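Q:
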Amino acid sequence: MIHSLFLINASGDIFLEKHWKSVVSRSVCDYFFEAQERASEAENVPPVIPTPHHYLLSVYRHKIFFVAVIQSEVPPLFVIEFLHRVVDTFQDYFGSTNVGDQLPTGQLSVVPWRRTGVKYTNNEAYFDVIEEIDAIIDKSGSTITAEIQGVIDACVKLTGMPDLTLSFMNPRLLDDVSFHPCVRFKRWESERILSFIPPDGNFRLLSYHVSAQNLVAIPVYVKHNISFRDSSSLGRFEITVGPKQTMGKTVEGVMVTSQMPKGVLNMTLTPSQGTHIFDPVTKLLSWDVGKINPQKLPSLKGSMTLQAGTSKPDENPTINLQFKIQQLAISGLKVNRLDMYGEKYKPFKGIKYMTKAGKFQVRT
Amino acid sequence: MTLPSAPAPSRRIPPRPAAMAASPAYGEEKGGSSSLGEPEYGHDPASGGIFSSDYKRHDDLKEMLDSNKDSLKLEAMKRIVAMIARGKNASDLFPAVVKNVACKNIEDPNQLIRASALRVLSSIRVPIIVPIMMLAIKEAASDMSPYVRKTAAHAIPKLYSLDSDQKDQLIEVIEKLLADKTTLVAGSVVMAFEEVCPERIDLIHKNYRKLCNLLIDVEEWGQVVIINMLTRYARTQFLSPNQNESLLEESAEKAFYGSEEEDAKDAKAEAASLAKRKPYVMDPDHRLLLRNTKPLLQSRNAAVVMAVAQLYFHLAPKAEVGVIAKALVRLLRSHSEVQYVVLQNVATMSIKRRGMFEPYLKSFYIRSTDPTQIKILKLEVLTNLANETNISTILREFQTYIRSMDKDFVAATIQAIGRCATNIGKVRDTCLNGLVQLLSNRDELVVAESVVVIKKLLQMQPAQHSEIIKHMAKLTDNIQVPMARASILWLIGEYCEHVPKIAPDVLRKMAKSFTNEEDIVKLQVINLAAKLYLTNSKQSKLLTQYVLNLAKYDQNYDIRDRARFIRQLIVPTEKSGALNKYAKKLFLAQKPAPILESSFKDRDHFQLGSLSHLLNAKAVGYQELPDWPDEAPDPSVRNVEVPEWTKCTSREKRKEKVEKPFYSDSEGESGPTESADSEPESVSEESGSSSSSSSSSSGSEEEEDEDEEEGSGDEEEEEEEGAKKAKKKKAPQGRKGHAETSSEEASASESSSSGSDSGSETEAKQRKAPPSSRAGPKEISLLDLDDFTPPPPQPIPSSSIVSTSLVTDLEGLTLTDTSLAPALLSPAFGAVRTYELLHRMAGEGLSVEYCFSRRPFPGDPHMVAVQIQISNNTDAEVKSLRVSEPKPLSGMRIQEFPEIERLAPGDTASVVMGIDFCDSTQAANFQLCTHTRHFYVSIQPPVGELMAPVFMSENEFKKEQGKLTGMSEITEKVTLPEKCRSDHAIVQQVTSAANVGRVPCGADNEYRFAAKTVTSGSLVLITLERREGAAAQLTVNSEKMVIGTMLVKDIVQALAQ
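As given, the protein sequences belong to chains L and V, one line each in that order. Taking numbering that gives the first Met the number 0, the leading residue of the first sequence gets 0, the next gets one more, and so forth. Taking numbering that gives the first Met the number 0, the leading residue of the second sequence gets 0, the next gets one more, and so forth.
1) Run down chain L in chain order and give the residues with a C-beta less than 9 Å from the C-beta of GLN458 (chain V).
2) List the residues that DSSP assigns as beta-bridge partners of ASP560 (chain V).
3) What does HIS334 (chain V) touch in chain L if you count any residue whose Cβ is under 8 Å from its own?
4) Kindly list, in the order they appear in chain L, the residues whose Cβ is closer than 7 Å to that of LEU310 (chain V).
5) Excluding the five sequence neighbours on either side, which residues of its own chain have a C-beta within less than 7 Å of the C-beta of GLU959 (chain V), listed in chain order?
6) Can you find a CB in chain V that lies within less than 8 Å of the CB of GLY241 (chain L)?
7) Specify, as a first and last residue, the run of the beta strand (DSSP E) that HIS18 (chain L) falls within.
8) Shortest alpha-carbon distance to LEU437 (chain V) belongs to which of V:ARG353, V:THR931 and V:ARG402?
9) Let's test the definition: count the other Cβ atoms within 10 Å of the Cβ of LYS580 (chain V) and tell me whether it reaches 16, buried, or not, exposed.
10) What is the residue span of the beta strand (DSSP E) that TYR207 (chain L) lies within?
11) Looking at the C-beta of HIS2 (chain L), does it have a partner C-beta in chain V at a distance below 8 Å?
12) Which residue or residues does DSSP assign as beta-bridge partners of HIS223 (chain L)?
13) With DSSP as the reference, identify every bridge partner of ALA356 (chain L), one or two as the case may be.
14) At a Cβ threshold of 8 Å, is ALA152 (chain V) touching chain L?
15) Could you check which residue in V:ILE127, V:ALA411, V:ARG366 and V:PHE356 has the C-alpha nearest to that of ALA385 (chain V)?
16) Distance, Cα to Cα, ALA631 (chain V) vs LEU64 (chain V)?
17) Rounded to a whole number of angstroms, what is the C-alpha to C-alpha distance between GLN187 (chain V) and THR150 (chain V)?
18) Under 8 Å between the Cβ atoms of LEU145 (chain V) and VAL184 (chain V)?
19) Select from the stretch 164-176 of chain L all residues with a C-beta closer than 9 Å to any C-beta belonging to chain V, and list them in chain order.
20) Taking only beta carbons into account, state which residues of the stretch 69-103 of chain V come closer than 9 Å to chain L, listed in chain order.
21) Would you kindly work out how many angstroms separate the C-alpha atoms of ARG208 (chain V) and ASN291 (chain V), rounded to a whole number?
22) Quick test of your reading: PHE5 (chain L) and VAL85 (chain L), contact by CB under 8 Å. State the CB separation rounded to the nearest angstrom.
23) Straight-line CA distance for LEU824 (chain V) to PRO941 (chain V)?
24) Assuming ARG901 (chain V) is part of the beta strand (DSSP E), what are its boundary residues?
25) What's the C-alpha gap between ARG362 (chain L) and VAL303 (chain V)?
26) Considering only heavy atoms of the ligand ZN, does any lie closer than 7 Å to the CB of ARG299 (chain V)?
27) Who are the Cβ neighbours of ASP816 (chain V) in its own chain at under 7 Å, not counting the five residues just before and after it?
28) The beta strand (DSSP E) that contains HIS52 (chain L), what's its start and end?
29) Looking at the structure shown, is GLU658 (chain V) part of a helix, part of a strand, or coil, going by DSSP?
30) Starting from VAL619 (chain V), find everything on chain L with Cβ-Cβ shorter than 8 Å and list it in chain order.
31) Output, in chain order, the set of chain V residues within a Cβ distance shorter than 8 Å of ARG336 (chain L).
32) Are ASN344 (chain V) and LEU607 (chain V) close, meaning C-beta to C-beta below 8 Å?
33) Using Cβ-Cβ distances below 9 Å, what residues of the stretch 296-309 of chain V are close to chain L?
34) Return yes when the Cβ of VAL1051 (chain V) is within less than 8 Å of the Cβ of VAL998 (chain V), no when it is not.
35) Tell me, please, which residues DSSP counts as bridged to VAL361 (chain L).
36) Which of the three DSSP states, helix, strand or coil, is assigned to SER757 (chain V)?
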């Protein structure tokens, strides 16, 4: 399968290599560098590059390319998915401060994802229901496409071999689901109950998709007026963000970003709240709005300086939006119950809801 | 090289489970037990070796290392280290050392160390250790620890890559490991199989069903490998499910609507061609694979989802492939690399099966933040999905894309518009107009791309578009992109008769700039000149001469060649031959319009999801996906002598018998519905070991084929018995009741038979007769039921209505309002349903059934009593029947029945065992042993059997119910079928579904029942309130939420029957 692995950083240095079979010369990466040069941006480097004797499969994360060298037929997703897991593991490992100084124990458990002999003084299980709205809103403010993708992330610290069941008030909302391997599929099929022996610690229990048939509530709107004129070297820029269907909750952590056309030299803007920044090199405008106060809608107004002599850009910039709403799952999904079997103690249980913007774009 | 001592440890490893830990791993003195004689050391060992420079160098050291004395080994090692330290070459001792280091650990009592030792050994890629590795792998392959066996499987490809001569021996090991029944090994050994001997498909036969059944419990990476291998396997062993779709539809219609006479006639006519076109019936093993892989579409691992998707794409009937779309669309949320691969596959699939992705059209809409390569793939998919109905939406979306800042993407969009225009005639003009507008775009790339696409479109209807051609002719002044210029020139030349005035002028301009043009443009200038010369030589003769002369001295030899060639063709000279006459025909022939098609067309001849598919080129080591065979190979090769997992309940089995033909026949053409999968019975089978549950259902299927005929015989017997029983019990109950129940049953069986009718065309005819004869008299005697071939879907509940009503009457009598402490009521009534524990085929003649007797288990009130009936159908006596090794899940307890010492042939014994299910419907697993055999069995209680009736007054009931509201209350609306509206029918159905006692009730439109769970004694209260007509509301109150939910389901189902 994977013959060798090279890690390449942003400046193009191979800073780490690992070979499982024989050593493959670093020069194989030249093919990769060539492809990288052809692709204008890192994200456009093809994940699969054929070379005369090898195939290079790569993933790009945290500004590092993980380039796997393979020699024969293998499902590309097999390698790509694996590399992502490797990165996840790195992230987990280097991200956490309390690295165990002992070798792992209890690995050969009957339940492959949970080690044996887990012990905690405080037994607790927390579940975060996090939903993301992916949407494309057109110029006039109507929704072109909107869907909700959700996950349930868990942090379970329970002694022994607990067997949990988690049920929903409205499981029918879930249109498409994918599970952690611990979830008993048949039980879900028959009863719409998540029944599982949890892994120890943090894990993603479930990812789901809320049926596209349901109308998706769009919690914010953007009013915009962005105009370039052919004759003038000045353009107008004005956006206002406001709450829409928020179920009475506060929209916070609002962040507006927009990739301005190349012709824009600079922007002179005044925000009613928050801070904004325009990078004249990358032409990226970002505005950290913060909370939306429905009484006083945040706005950003001003003018753009355009390169003199060039014609006006074809396209108005797309506005990307980020936001967060605490204690709300926008789909209306609600956990009904969480029960534990198989162990005697009473665990502490907690469930948190949150809605976020996923890929939320407003075309202007 | 020989291996003197290696066999010794090999013999020690396998058969030492627990004893090994106790025995000294680093034995001080094992000499006595050695099969090899101790080497002779007549001389002082220290004097040998080092100083002697003879050819037997190091032989003594080898001998010492091979000896059984640790002291000698230690000494040898010291000397070797000393040698190395002095810089002497000791490499020929390497294998002997490795053997000692690794072999020691390979015997370690700790399985982790054994496995690690093997991993270390197999990672030393030095040819000299091949024989040792081979031995170590062989030993590890029969290790008692599955983890070590898994490591052995991992070592196989490593050894193979080191020395491919070992193939035959390795195949033996692979064969052995393929037979392994643990999920841990399955994935790894299939991986080894794929690396070493993918052509040996015959090794899979016997393991096929097992692999299918284990699949869901194999780790993710193993799943990918197994699924890909099974896809190939299925392509060699089964018939295409889509081969005669049209035929099926046709004949199905006949079977349904044709009169019988016609059928007869058709039958004759078809008989001749029958040999050729047999109606397709899916092999049950084929179905098994599809069914068992489907849940994996829900995997979190993108590679697994993709593997299942490609399996369905390559193997499933057309109508069922659609299920994969949703899962693939889900993967589009993943990392961009995953998206990239998935979209490539979706692009290929969407050409073959457009319909399946159409509902997800919007998921392929492009965001400005998508990487360009993703944008272009999405565009490809959108284009493939375009049809008459959605094209306007898609074009509107494209319109946004054209304004994008990403110019590569814009160019791709223009091409996509061109493709839509060619494929969908309706929008051709709209697209063309749109593209013409783009010709005035400021970006040259956009204009150039538009020109190229317009050129292709115009070829379809040139006559109508001379305006556009004129417009394009003007562009030659401005546009610089060579491809676009070349396209315009070609267009003007090809359609010069539509623009007779402009064409020569364009040629004039081009002649002026000829020397500065790019090569492709020059070629088209020559082309244009030639065409004009042929059609309008008066105006263009000189220009043509001029251009040809310029070309004659061009730097590029292609252009020089072309000029010479064309001059000969078009300019008549005395030397020019016959060709000259045909010049016009040659140049101005009607040319077919180009077909703009996807680059993903026909890419599915590569197995989807593979690297080769992605690159559209065969990668090293790619295994061709074989075509379906014309004739299915013998399916019996997959039969396994004794099915290992046989725990199906009779309920499941019966159901399958009725429904089976329905599926196998209709699945080729109709809906992807698989009610078998969603049936609550089979589903609630899940438990700690879902592997066994999935295998049990298939197990029953396997057997089913083998004893189909027998089975139907059995059913008849059973039914007869059931009917008799029912009759006996119902006899004393008066006329009215009798009539009602019989009609009830008649209609029940009727509905069941008609239900299965709808799908099975083969059986349609046979069944046609009975229903019509049955339809007449409603009141038929119970005995007539025996004539029916299809059994009722549920065994007839043999509850006695007399006793039910009697009990309720009595309750009414004894009731007082003073709160009597709720007392456990001995269940005097309720249906006794029998389940199968061990089928007689699986049990090699021993058949075991069980039922929940609903009596308290003597000795332990927290146990559910399970009555077990064992019949010996063999010719020999079965001895010492007993339960062994119960493997209860946490908290579960099993009270075994006393051992049955002997059971004579033909005899039946009945015993009772107690199981504390801990108020859960998880199965209790144990082994049933005879003096010769072990059978793995499991008992799974329906939720209704986890409780015992409780005696309560109305007031108490209300009081308790009041405490159990909110979360503990589950309500469900029910529609009562016609036959289930009478008091006793309702009571009967509820009490058959659950072991509950009736609670008296003042209102006559309400029914109440109460019970307590056996283990924890939690109250379960059931209320059924009848509304108008058929409507009713069912309420269950219990603090055990899960039990409550499941119970509601069961009761609703019981009432619906």
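Cβ atoms here follow ideal geometry from the backbone N, Cα and C, with glycine treated the same way. Quick caveat, the model's predicted, so the values are computed rather than measured.
A: So, from the data block:
1) Result: empty, since nearest Cβ-Cβ is about 29 Å, beyond 9 Å.
2) In the DSSP assignment, ASP560 (chain V) forms no beta bridge with any residue.
3) VAL58, ARG60, ILE79 and HIS83
4) Here the premise fails: no neighbours, minimum Cβ distance about 12 Å.
5) LEU1018 and LEU1020
6) No, GLY241 (chain L) lies away from the interface with chain V (no Cβ there is under 8 Å from its Cβ).
7) 13-18
8) Looking at the Cα atoms, V:ARG402 is the closest of the given residues.
9) exposed
10) 200-209
11) no
12) L:ILE238
13) Paired residue(s): L:ILE132.
14) no
15) Ranking V:ILE127, V:ALA411, V:ARG366 and V:PHE356 by Cα distance to ALA385 (chain V) puts V:PHE356 first.
16) 57 Å
17) Looking at the sequence provided, one finds Ser at residue 187 (chain V) rather than Gln. Rounded to the nearest angstrom, the two C-alpha atoms are 8 Å apart.
18) Note on residue identity: the sequence assigns Pro, not Leu, to residue 145 (chain V). Contact: yes.
19) THR164, SER166, ASP174, ASP175 and VAL176
20) Within the stretch 69-103 of chain V, no residue has a Cβ that lies closer than 9 Å to any Cβ of chain L.
21) 10 Å
22) So it is not a contact: roughly 13 Å between Cβ atoms.
23) For LEU824 (chain V), the predicted model reports a pLDDT of 42, less than 50, meaning its position is unreliable and no value from the coordinates is stated.
24) Unbroken beta strand (DSSP E) run through ARG901 (chain V): 899-902.
25) 36 Å
26) The ligand ZN is absent from the structure shown, which contains no ligands of any kind.
27) Interpretation of ASP816 (chain V) is limited by its pLDDT of 37, a score under 50 that renders its predicted location unreliable; no figure is taken from the coordinates.
28) Run containing HIS52 (chain L): none; DSSP gives neither H nor E here.
29) Here GLU658 (chain V) scores only 38 on pLDDT, less than 50, and its place in the model should not be relied on; the value that follows carries that caveat. Correct three-state label for GLU658 (chain V): helix.
30) GLN70, SER71 and GLU72
31) Per Cβ cutoff of 8 Å: MET966 and MET1040.
32) yes
33) LEU296, GLN297, SER298, ARG299, ASN300, ALA301, ALA302, VAL303, VAL304, MET305, ALA306 and GLN309
34) no
35) L:ILE136 and L:ILE318
36) Bear in mind that a pLDDT of 41 at SER757 (chain V), under 50, signals an unreliable position, so the number given afterwards is only what the model happens to contain. Residue state, collapsed to three classes: coil.
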